[in-house]
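Trainee: Dumping the structure here so I can ask a few things about it.
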Amino acid sequence: MNAIDDYLATGTQALALHARRLDLIASNIANAATPGFKARDIDFAAALKSADTGHAMDRSHGAHLSAGTDPEGASAAVSAGYRIPHQTSLDGNTVELGTEQVAFAENAARYEATIGILNGRIQTLMSAIRGE
Amino acid sequence: MTMSIFDISGRAMSAQMVRLNATASNMANAGTVTGSAEDAYRARRPIFAAALDEASAARATVDVERVVAMDQAPERRHEPGHPLADADGYVWAAAVDPNAEMVDMMEAARQYQNNVEVLRTARSLMMSTLRMGQ
Chain X
0 MNAIDDYLAT GTQALALHAR RLDLIASNIA NAATPGFKAR DIDFAAALKS ADTGHAMDRS
60 HGAHLSAGTD PEGASAAVSA GYRIPHQTSL DGNTVELGTE QVAFAENAAR YEATIGILNG
120 RIQTLMSAIR GE
Chain P
0 MTMSIFDISG RAMSAQMVRL NATASNMANA GTVTGSAEDA YRARRPIFAA ALDEASAARA
60 TVDVERVVAM DQAPERRHEP GHPLADADGY VWAAAVDPNA EMVDMMEAAR QYQNNVEVLR
120 TARSLMMSTL RMGQ
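In the order they appear, the protein sequences are chains X and P.
For the first sequence, numbering that gives the first Met the number 0 gives the first residue as 0, with consecutive numbering after it.
For the second sequence, numbering that gives the first Met the number 0 gives the first residue as 0, with consecutive numbering after it.
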């Protein structure tokens, strides 16, 4: 069971992070006209790395508790940073729609790609289980 | 309850809709005249405020805090023949700048569309997630 978990873990974590980033960018786009709103985002590479280190812990004894990967927890632990705008606006809002739209499109494509990878892995597992 | 991407974009769309309604009211009243400066129509604008998610401070949607009348003086015109004119023959035209309203309308419509696009993308991603492994 653990082998299957490990096999799918990276994809699951990446998916949770992408989903969280999607929420953040949606928040930025929603607040494009809110005075004083500061756009936020997460550093995806760093976030995935920190999610992965939690998962490298080995169990040398049967009684040890599993460190278990918790994709939701791992992504929630990563704090969001503030975007640095190319140009400041008078009302203190740092949302630049161009930047946000590009980030959103990129993130959506990556989410879709991660689903593709996970689908491939699930197919592999299924054919192994069926013994095809 | 945590805020979903549908709450974020949905509430942002309602906020932009309030803004569009305010713009429409302003445009509709752009030509009106009254017999006193106090009664003259003044352009209305919604004030947006970010509504943070209690569960995760990074997520935020928009709320319309209130709608305020702009601090703009109505234009005084001398029209003695006007039925609403005061004793000195003056009327006051609504304090609305049609150009500013047009710009605001375009911006609100654009941002509304952006939120629709976010919703559409989120929905299709959700559907692919549901179909995973099939």
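Beta carbons: idealized from backbone N, C-alpha and C, even for Gly.
1) Short of 9 angstroms Cβ to Cβ, which residues in the region 115-128 of chain P face chain X?
2) By DSSP, does Thr-33 (chain P) sit in helix, in strand, or in coil?
3) Does the Cβ-Cβ distance between Leu-7 (chain X) and Leu-96 (chain X) come in under 8 angstroms?
4) Can you pull the chain P neighbours of Glu-111 (chain X), defined as C-beta to C-beta under 8 angstroms?
5) Smallest Cα separation from Ser-123 (chain P): which of X:Thr-98, X:Ala-108, X:Gln-100 and X:Ile-83?
6) For the beta strand (DSSP E) containing Glu-64 (chain P), list its first residue and its last residue.
7) Since Thr-33 (chain X) meets chain P, which of its residues come closer than 7 angstroms, beta carbon to beta carbon?
8) So for Val-117 (chain P), helix, strand or coil by DSSP?
9) What residue range is occupied by the uninterrupted alpha helix (DSSP H) comprising Val-17 (chain P)?
10) Kindly indicate which three-state DSSP category Glu-74 (chain P) falls into: helix, strand or coil?
11) Checking contacts by CB at 8 angstroms: is Gln-112 (chain P) closer than that to chain X?
12) In its own chain, which residues sit with a C-beta less than 7 angstroms from the C-beta of Asn-1 (chain X), not counting the 5 before and 5 after it?
13) Could you tell me the boundaries of the alpha helix (DSSP H) in which Ala-13 (chain X) lies?
14) In terms of residues, what are the limits of the beta strand (DSSP E) holding Leu-51 (chain P)?
15) Check the DSSP bridge columns for Tyr-81 (chain X) and list the partner residues they point to.
16) Do we get a CB-CB distance below 8 angstroms when we pair Phe-36 (chain X) with the residues of chain P?
17) Could you name the residues of the region 67-92 of chain P whose beta carbon sits closer than 9 angstroms to any beta carbon of chain X, in the order they occur along the chain?
18) What residues from chain X crowd round Arg-58 (chain P), counting only those whose CB sits closer than 8 angstroms?
19) Quick check: what's the CA-CA separation for His-17 (chain X) versus Arg-82 (chain X)?
20) Using a Cβ-Cβ cutoff of less than 7 angstroms, which residues in the same chain neighbour Ala-79 (chain X) once the five nearest sequence positions on both sides are dropped?
21) Any beta-carbon of chain P closer than 8 angstroms to the one on Ile-114 (chain X)?
22) Which two residues bound the contiguous alpha helix (DSSP H) that contains Val-90 (chain P)?
23) Does the region 74-88 of chain P come into contact with the region 49-62 of chain P, if we say contact requires no fewer than three beta-carbon pairs (one atom in each stretch) closer than 8 angstroms?
24) Can you find a CB in chain X that lies within less than 8 angstroms of the CB of Ala-11 (chain P)?
25) Residues of chain X with CB closer than 8 angstroms to the CB of Ser-8 (chain P), please, in chain order.
Mentor: Reading it off the structure:
1) Glu-116, Val-117, Leu-118, Thr-120, Ala-121, Ser-123, Leu-124, Ser-127 and Thr-128
2) As a position in the second sequence, residue 33 (chain P) is number 34, starting the count at 1. Thr-33 (chain P): strand per DSSP, three-state reduction.
3) On the first sequence, position 8 is the one that residue 7 (chain X) refers to. On the first sequence, position 97 is the one that residue 96 (chain X) refers to. The Cβ atoms of Leu-7 (chain X) and Leu-96 (chain X) lie no closer than 8 angstroms to each other.
4) In the first sequence, the residue the question calls residue 111 (chain X) occupies position 112. Within chain P, the residues near Glu-111 (chain X) are Leu-124 and Ser-127.
5) Start at 1 with the first residue of the second sequence, and residue 123 (chain P) comes out as number 124. Residue X:Ala-108 is the option with its Cα nearest to Ser-123 (chain P).
6) For the purposes of this step, residue 64 (chain P) is taken as residue 65 along the second sequence, with counting starting at 1. It spans 59-68 - the beta strand (DSSP E) in which Glu-64 (chain P) sits, taken as one unbroken run.
7) One-based indexing of the first sequence puts residue 33 (chain X) at position 34. Per Cβ cutoff of 7 angstroms: Phe-47, Ala-48, Ala-49 and Val-61.
8) As a working mapping, residue 117 (chain P) is identified with position 118 in the second sequence. Helix, per DSSP.
9) Against the second sequence, residue 17 (chain P) aligns to sequence position 18. Segment 4-27, the alpha helix (DSSP H) holding Val-17 (chain P).
10) As a first step, residue 74 (chain P) is located in the second sequence; it is residue number 75 there, counting from the start. Here Glu-74 (chain P) sits in strand by DSSP.
11) In the second sequence, the residue the question calls residue 112 (chain P) occupies position 113. Not an interface residue.
12) Counting from 1 along the first sequence, the entry for residue 1 (chain X) is found at position 2. Hits under 7 angstroms: none found.
13) Position 14 of the first sequence holds residue 13 (chain X). Where Ala-13 (chain X) is concerned, the enclosing alpha helix (DSSP H) stretches over 1-29.
14) Translated into the one-based positions of the second sequence, residue 51 (chain P) becomes position 52. Start and end: 43-51.
15) To locate residue 81 (chain X), count along the first sequence from 1; it is residue 82. Tyr-81 (chain X) is bridged to X:Arg-39.
16) The count along the first sequence starts at 1 and reaches residue 36 (chain X) at position 37. Nearest CB-CB separation between Phe-36 (chain X) and chain P: below the 8 angstroms threshold.
17) Close to chain X, meaning a Cβ-Cβ distance shorter than 9 angstroms, is no residue of the region 67-92 of chain P at all.
18) In the second sequence, the residue the question calls residue 58 (chain P) occupies position 59. Chain X residues near Arg-58 (chain P): Asp-22, Leu-23 and Ser-26.
19) The sequence position of residue 17 (chain X) within the first sequence is 18, counting from 1. The sequence position of residue 82 (chain X) within the first sequence is 83, counting from 1. Taking the straight line joining both Cα atoms gives about 17 angstroms.
20) Indexing the first sequence from 1 puts residue 79 (chain X) at position 80. Only Leu-23, Arg-39, Asp-40 and Ile-41 meet the Cβ criterion.
21) Locating residue 114 (chain X) in the first sequence gives position 115, where the first residue counts as 1. At least one CB of chain P lies nearer than 8 angstroms to the CB of Ile-114 (chain X).
22) If you number the second sequence from 1, residue 90 (chain P) lands on position 91. That residue, Val-90 (chain P), is in no alpha helix (DSSP H); its beta strand (DSSP E) goes 89-92.
23) Note that the region 74-88 of chain P does not touch the region 49-62 of chain P; fewer than 3 beta-carbon pairs, one per stretch, sit closer than 8 angstroms.
24) The residue labelled residue 11 (chain P) in the question sits at position 12 within the second sequence. Taking Cβ atoms only, chain X reaches closer than 8 angstroms to Ala-11 (chain P), which makes this a yes.
25) Numbered from its first residue, the second sequence carries residue 8 (chain P) at position 9. The contacting residues are Ala-25, Ile-28 and Ala-29.
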